[in-house]
Amino acid sequence: MSDGKQDDGAARPDVAALDEQRASDEIADLSARIAQANDNYHVKDAPVLSDAEYDALKQRLLALERAFPQLARPDSPSQVVGAAPAEGFGKVVHAQRMMSLENGFADADVTDFVSRIRSFLGLRDGDLAFTAEPKIDGLSLSLRYEDGVLVQAATRGDGAVGENVTANARTIADIPHRLTGAPAILEVRGEVYMSHADFQRLNAAEGGRVFANPRNAAAGSLRQIDPDVTASRPLRFFAYGWGQLSQALADTQMEAVERLAALGFRTNPLTRLCHDAGQMLAVWAEIEQQRATLGYDIDGVVYKVNDLSYQTRLGYRSTTPRWALAHKFPAETAWTRLDRIDIQVGRTGALSPIARLEPVTVGGVVVSNATLHNEDYIAGRDSSGAPIREGRDIREGDWVKIYRAGDVIPKIADVDLSRRPADSQPYRFPETCPQCGSDAIREPGDSVRRCTGGLVCPAQAIEKLKHFVSRAAFDIEGLGAKQIEMFFADPALPIREPADIFTLAERDARNIARLKNREGFGARSVEKLFAAIEDKRRIPLERLIFALGIRHVGEVAAGILARHFGTWDALLGAVDGAAHEPAFAADDKARRMALADSPHWAELTTINGIGAVLVQSLVTTLTQPAERASIDRLIGQIQVIPATARQVQQTAISGKTLVFTGTLERMTRAEAKARAEAMGAKVAGSVSAKTDLLIAAPGAGSKAAKAAELGVTVIDEDEWLRIAGGS
């Protein structure tokens, strides 16, 4: 992977040159931008970031996470798949998660991928084959067959829960309704897409309505409430994989895909078998040359380890398989005028500049907006002051170069100074919040300027409330973003904080101007809204934690915290205890090491997947008086359902916390960690009083000494292999 010197067109300092605070700030900024992009792409079919921008941001984030593992955010793009399923369809819990793919962008990424596979499996020599196939730019779909009959079709959604589109999928000619000779349970995974020719005919037939591109047309067509509309659209389907199986399809990826073809599914004829990185790159180049003549959109080539037993050993990260890589194609570019720069205020107070562009078509997509990241980027410098774009700043009225590689909003890559208006003036980034007038400050080391208004800032309050009712949070039917904006401004029945939602019915009953008598409402709709609110008075702990909108705490982190503490009171106990210990100083290594011995900080920061920066944000937010009072009022209105542990294999180490140290000789560290988690154990990165078992391989150092000091049980690799069932 890249070292991160370039971020979607902008020069950034080398990761190795960053200190922990600057890396933390950049990780937070990247994560927030990508989270919004996921929701717009997967749920709304209205993307706000280009594939090129998204991929480059993710690449940079992964580089930061590798360099600063203690700052790795569980809700980063390396941990989160897609977005929550949209309203309007029944929800389907996937029997086996629909995973995302790790992305590669350069030849070196492919050779590194092959090397990592060999290292993980301990294969220095011998044949290691891979399949290579075009990466279709469509909508992922999972088809479930039972006894040969299609019983369910579901979109990917957030990877765990998708949308039930069974009736619509049955209208697609490429999808068989019945199979002969299939396993009793077979989930076929593939991509719904639309050919270029069919896309052009559809646009011509829509009476002036023009879809942005074939991917949007396919996604919108599959997600029609009326199956007859879907049936009228020329959708197609390529099968490339599988989910739950009652019986294996074959021993290799290639043979399994051939088996799917024999069962009646369309599979891509360009799929090839490769035996080294050189052959993989040759296939990538061959497919890229054919890209313009294929008749459908692709955005790269996917490589998969061919041997399915190796795939099983390699297993999965949180959201991506270790045995697959998507090698993306380069971006496309265009020039247009930047009409103006607008400032949006997010729920954490971040002032985000947005470029409003004269609409321009790039790769068949009309785009009119682009992110400008922050004031440094506009000024033509990175966060360390080094020039980007050779120091050229961005101004309103400029002609700017944008680029993209998919169907979403681009990034500004450059400025044409020869076309800059004579009266052009440098853009002055606001130092006060455009929404509430509070000071907007930029803390040392922070790349983002933030409004200091907090709860008095209407933009922050509204965005926090929108987040609170979002699909992955409380998900209250009938109370979406538009309704939140309406109630926030309502003088008679205001919703200014989450607790107000759960007193709405009571307040309405005492109000002269009843909600049911207002325009846009009626007795039935109000009754349904109040019932939906009542239905969410009982909420799982992980959803509550995520709904609070705490900076750095996404869905995955919320789940980790919920499973670790089990109850809201237990989490608050650890947070309140940590708040009374010395303040965390991210730039002071000595104090940070001393703080690690403090019991409450240790409990929070040694949770696998929870970093020190996230803990600092969690403690700061939950102990800030006004914020805590608001949360306490909410807790008084709801019942928090305790978290339950994930269903995993019950073993002698289930529920125990393990730490690995030294160099394992017969199993890679990655495989050992994956094996331990599959057996129900937690794997931490450092030894604490909470550690149950230390596996000490040759070369063990300070962790072994710490374990001895704390009385933690220490075993060697042989004993670990006996426990893990390895050899």
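Final position of the sequence shown in this note's numbering is 1341; the numbers increase by one with none missing. For every residue, glycine included, the Cβ atom is placed at its ideal position computed from N, Cα and C.
Which residues in the same chain as residue 1166 place their Cβ atom closer than 7 angstroms to its Cβ, once the five residues preceding and following it in sequence are excluded? 642, 687, 1227, 1228 and 1231
Could you pull out every unbroken beta strand (DSSP E) segment of at least 3 residues lying fully inside the stretch 1016-1058, listed in chain order? 1025-1029
Can you say whether residue 1353 is buried or exposed, counting buried as having 16 or more other CB atoms within 10 angstroms of its CB? No answer is possible for residue 1353: the residues shown for the chain start at 615 and end at 1341.
I believe residue 705 touches residue 763 by the beta-carbon criterion, under 8 angstroms. Please report the beta-carbon distance rounded to the nearest angstrom. Going by Cβ atoms, the distance from residue 705 to residue 763 rounds to 22 angstroms, so no, they are not a contact pair.
Could you check whether residue 1317 and residue 1301 sit closer than 8 angstroms to each other, using their CB atoms as the reference points? yes
Tell me the residue span of the alpha helix (DSSP H) that contains residue 903. 891-904
Cβ-based burial, residue 831 [other Cβ within 10 Å; buried from 16]: buried
Beta-bridge partners of residue 778, as assigned by DSSP: 768
Burial state of residue 678 (16 or more Cβ within 10 Å): buried
Suppose contacts are defined by Cβ-Cβ distances below 8 angstroms. Is residue 989 in contact with residue 1043 by that definition? yes
What are the boundary residues of the alpha helix (DSSP H) that residue 1233 is part of? 1226-1237
Below 8 angstroms, how does it come out for the stretch 776-791 and the stretch 808-821: are there three or more Cβ pairs, yes or no? no
Taking DSSP as the reference, what is the three-state secondary structure of residue 659? Confidence at residue 659 is low in this model, with a pLDDT of 47, below 50, so the placement of that residue should be treated as unreliable; the coordinate-derived value is given next. DSSP places residue 659 in coil when its eight states are reduced to three.
Which stretch, first to last residue, makes up the alpha helix (DSSP H) that contains residue 841? 841-845
Using the Cα positions of residue 862 and residue 761, report the straight-line distance between them to the nearest angstrom. 15 angstroms
Inter-residue spacing [alpha-carbon to alpha-carbon] between residue 698 and residue 1078: Its pLDDT being 45, under 50, residue 698 is placed unreliably in this model, and the value from its coordinates should be taken loosely. Approximately 18 angstroms between the Cα atoms of the pair.
Of the choices 710, 898 and 753, whose alpha-carbon is the least far from that of residue 799? 710
Let me know if residue 1125 comes out buried or exposed under the rule of 16 or more other beta-carbons within 10 Å of its beta-carbon. exposed
Could you tell me whether the stretch 891-904 touches the stretch 948-962, using the rule of 3 or more Cβ pairs below 8 angstroms? no
First and last residue of the uninterrupted alpha helix (DSSP H) at residue 733: 721-735
Could you give the first and the last residue of the continuous beta strand (DSSP E) run that contains residue 1285? Here residue 1285 belongs to no beta strand (DSSP E); instead the alpha helix (DSSP H) covers 1283-1292.
Quick check: what's the CA-CA separation for residue 964 versus residue 629? 23 angstroms
Residue 1271 bridges to which residues according to DSSP? 1296
Please name the residue in 961, 756, 734 and 635 whose C-alpha comes closest to that of residue 1164. 961
Roughly how many whole angstroms lie between the Cα atoms of residue 936 and residue 1122? 53 angstroms
So, helix, strand or coil for residue 634, using DSSP? helix
Alpha carbon to alpha carbon, how far is residue 1012 from residue 1031? Give it in angstroms, no decimals. 8 angstroms
Any idea if residue 1219 is buried or exposed, counting beta-carbon neighbours within 10 angstroms, 16 or more meaning buried? buried
Starting from residue 941 and walking both ways along the beta strand (DSSP E), at which residues does that stretch end? 938-942
Through-space distance from residue 1065 to residue 951, alpha-carbon basis: 29 angstroms
Between the CA atoms of residue 1135 and residue 1129 - distance to the nearest angstrom: 7 angstroms
Who are the near neighbours of residue 995 in its chain, counting only those whose CB is closer than 8 angstroms to its CB and skipping five residues on each side? 1001, 1002 and 1005
Where do the N-terminal and C-terminal ends of the alpha helix (DSSP H) with residue 1073 fall, by residue? 1072-1082
So for residue 1205, helix, strand or coil by DSSP? The predicted position of residue 1205 is uncertain, since its pLDDT is 45 and thus under 50; no value can be drawn from it.
How big is the Cα-Cα spacing for residue 627 and residue 1225? 23 angstroms
Going by C-alpha distance, which of 917, 1299 and 1274 is nearest residue 1312? 1274
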